[in-house]
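Residue numbers (this note's numbering): 928 to 1043.
Next up, the structure:
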């Protein structure tokens, strides 16, 4: 996820963007400082995208952005709920996952592994 793209999206859409991607509890953990907020949101989006790929659905078949909850670290955590956890279980997962996040240059990167 491109950090500057998220920053521009936050400038344009603000809390509407955050509300689409996160439930209120998850959103409340974002920093208030605009630069730190954009970075944290970019990392969260990277984690959510990685999770949607790990479960093989993308954002379809009933899986929503809010079905993947990212908690800041260290270490960062991830929780699947709703259709995301159902899709993970269909793949043989216990419904849990591990998460690795990093910023490399201007990109936020996420890696999610399902736990059997």
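Note that the Cβ used here is the ideal one computed from N, Cα and C, for glycine as well.
Please read all numbers here as calculations on a predicted model, not as lab measurements.
| Beta-carbon contacts of residue 967 that lie in its chain and below 7 Å, excluding the five residues immediately before and after | These residues qualify, in order along the chain: 957, 958 and 999.
| message | For a quick check, are the C-beta atoms of residue 973 and residue 1037 less than 7 Å apart? | response | A contact, by the Cβ cut-off of 7 Å.
| Collapsed DSSP secondary structure at residue 1009 in the structure displayed | Three-state DSSP puts residue 1009 in a helix.
| query | How is residue 1031 classed by DSSP in three states: helix, strand or coil? | reply | Correct three-state label for residue 1031: strand.
| query | Can you check whether the CB of residue 981 is closer than 7 Å to the CB of residue 933? | reply | Cβ distance not < 7 Å, so residue 933 and residue 981 don't count as in contact.
| From the DSSP output, which residues share a beta bridge with residue 1042? | Paired residues: 1023.
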